[in-house]
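Report on one structure; see the data block that follows.
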Ligand code: MLT
């Protein structure tokens, strides 16, 4: 597994395939293995780079708050390291928050965007308070309470009932996350900027994908992004909740492949 050192932190990533580069950022509280089906498929025609965001997977955690801006800067440093001037940048949920922060900072480095199960708006005061409490709880009690409370919001009831292997995989990813990494990202998500105004400035081709039954970032958020981002295409994935790339990997991959071949 390749590693990049940034500010005394090791950032782990995979870099698979060759061709035009595509960077995929995972959601919370997951790691780069979230993208394994996409790496398998997209790397047949593209160079696919999947980092563990700071605090997750095999990357180190930073103390305090891991802001979306900091994560975006990590991605820019990774692209510098890999000598990639410009790439398609995609992210799911928290990964999407970091993607929007990246576009704000480095628009000229973005060839196209993939915004999956995400949203542009910042947290409400109540949500910020909830994140602070969750961060404390993660540090005191570990990942169990977060994983248990998130699971039913991540997957459709049908997947929870009928696909134990998907449930196990999602639970394992969450339970493997370091509580200090999760706490830093929770504070970072609470501090994130509202990027609604940025949407009007996005001028690159953008694919917006969302699970029909996404309970965390509902279809309405994606519809709003679609109506504001000029060159965007919206795809609603049937039979999927928040983690649409795993629940309906075939449909998700088809849409992303189609999009990549169209740009
Ligand atoms: C995620 O999937 O990354 C998180 O649920 C996003 C969030 O909590 O806002």
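Numbering (the working numbering), first residue to last: 1435 to 1697. Just so it is clear, CB atoms sit at the ideal spot from N, CA and C, and this is done for glycine as well. Remember, it's a predicted structure, so these values are computed and weren't measured experimentally.
If you run the structure through DSSP and keep just helix, strand and coil, what is residue 1499?
As a working note, residue 1499 is residue 65 in the chain shown. Reduced to three states, the DSSP call for residue 1499 is coil.
Identify the residues that DSSP records as bridge partners of residue 1483: which are they?
Counting from 1 along the chain shown, the entry for residue 1483 is found at position 49. Partner(s): 1449 and 1457.
Determine the direct distance from the alpha carbon of residue 1490 to that of residue 1661, and round the result to whole angstroms.
Counting from 1 along the chain shown, the entry for residue 1661 is found at position 227. Counting from 1 along the chain shown, the entry for residue 1490 is found at position 56. Straight-line Cα distance between these residues: approximately 33 Å.
Pull up the distance between the alpha-carbon of residue 1576 and that of residue 1614, whole angstroms please.
Indexing the chain shown from 1 puts residue 1576 at position 142. Indexing the chain shown from 1 puts residue 1614 at position 180. Distance between the alpha carbons of residue 1576 and residue 1614 is about 9 Å.
Which term fits residue 1626, buried or exposed, when burial requires 16 or more other beta carbons within 10 angstroms of its beta carbon?
Locating residue 1626 in the chain shown gives position 192, where the first residue counts as 1. Residue 1626 is buried by the Cβ-count criterion.
From which residue to which residue does the alpha helix (DSSP H) around residue 1690 run?
In the chain shown, residue 1690 corresponds to position 256, counting from 1. Residues 1683–1696.
Just the C-alpha distance for residue 1449 and residue 1583, rounded to the nearest angstrom, thanks.
Working through the chain shown from its first residue, we reach residue 1449 at position 15. Working through the chain shown from its first residue, we reach residue 1583 at position 149. Going from the Cα of residue 1449 to the Cα of residue 1583 covers about 33 Å.
Is there at least one non-hydrogen atom of the ligand MLT closer than 8 Å to the beta-carbon of residue 1551?
Counting from one through the chain shown, the residue named residue 1551 turns up at place 117. For the ligand MLT, at least one heavy atom lies less than 8 Å from the Cβ of residue 1551.
Counting only runs of 4+ residues fully inside the stretch 1528–1602, write out the alpha helix (DSSP H) ranges in chain order.
1528–1539, 1559–1575, 1578–1588 and 1591–1596
Could you check whether the Cβ of residue 1659 sits closer than 8 Å to any heavy atom belonging to the ligand MLT?
If you number the chain shown from 1, residue 1659 lands on position 225. Because no heavy atom of the ligand MLT lies under 8 Å away, the Cβ of residue 1659 does not count as near it: no.
Determine the DSSP secondary structure at residue 1444, reduced to helix, strand or coil.
Here residue 1444 refers to the residue found at position 10 when the chain shown is read from its first residue. Residue 1444 falls in the strand class under three-state DSSP.
Given a cut-off of 9 Å on the beta-carbon distance, is the pair residue 1527 and residue 1578 in contact?
Indexing the chain shown from 1 puts residue 1527 at position 93. Indexing the chain shown from 1 puts residue 1578 at position 144. Contact: no.
So, under 8 Å CB-CB, residue 1680 and residue 1507 are touching, yes? Tell me the CB distance rounded to an integer number of Å.
Here residue 1680 refers to the residue found at position 246 of the chain shown. Here residue 1507 refers to the residue found at position 73 of the chain shown. At roughly 28 Å, the Cβ-Cβ gap does not stay under 8 Å, so residue 1680 and residue 1507 are not in contact.
Hey, which residues come within less than 5 Å of the ligand MLT, measuring from Cβ to any heavy atom, in chain order?
1461, 1462, 1527, 1528 and 1650
Can you tell me whether residue 1637 is buried or exposed, with buried defined as 16 or more other CB within 10 angstroms of its CB?
By 1-based counting over the chain shown, the position of residue 1637 is 203. When all chains shown are included, residue 1637 counts as exposed.
With a threshold of 16 other CB atoms inside 10 Å of the CB of residue 1497, please say whether the residue is buried or exposed.
One-based indexing of the chain shown puts residue 1497 at position 63. Residue 1497 should be labelled exposed.
With residue 1677 as the anchor, note down where its alpha helix (DSSP H) starts and where it stops.
Your numbering for residue 1677 matches position 243 in the chain shown. Note, residue 1677: premise wrong, no alpha helix (DSSP H); not H, not E.
Where does the unbroken alpha helix (DSSP H) through residue 1662 begin, and where does it stop?
Translated into positions along the chain shown, residue 1662 becomes position 228. Where residue 1662 is concerned, the enclosing alpha helix (DSSP H) stretches over 1653–1662.
Presumed contact (8 Å Cβ cut-off) between residue 1651 and residue 1676, rounded CB distance
As a first step, residue 1651 is located in the chain shown; it is residue number 217 there, counting from the start. As a first step, residue 1676 is located in the chain shown; it is residue number 242 there, counting from the start. Rounded, the Cβ-Cβ distance is 7 Å, consistent with contact.
Quick check: what's the CA-CA separation for residue 1454 versus residue 1480?
The residue you call residue 1454 lines up with position 20 of the chain shown. The residue you call residue 1480 lines up with position 46 of the chain shown. Their Cα atoms are separated by approximately 5 Å.
Please identify the residue among 1597, 1475, 1642 and 1533 whose C-alpha is closest to the C-alpha of residue 1550.
Taking the first residue of the chain shown as position 1, residue 1550 is located at position 116. It is 1642.
Can you list, in chain order, the residues of its chain whose CB lies under 7 Å from that of residue 1565, leaving out five sequence neighbours each side?
Within the chain shown, numbered from 1, the residue matching residue 1565 stands at position 131. Contacts found: 1557, 1620, 1621, 1623 and 1624.
Cutoff 8 Å; reference residue 1500; Cβ partners in own chain excluding five residues on either side
Here residue 1500 refers to the residue found at position 66 when the chain shown is read from its first residue. Result list for residue 1500: 1487, 1488, 1489, 1615, 1618, 1619, 1621 and 1622, in chain order.
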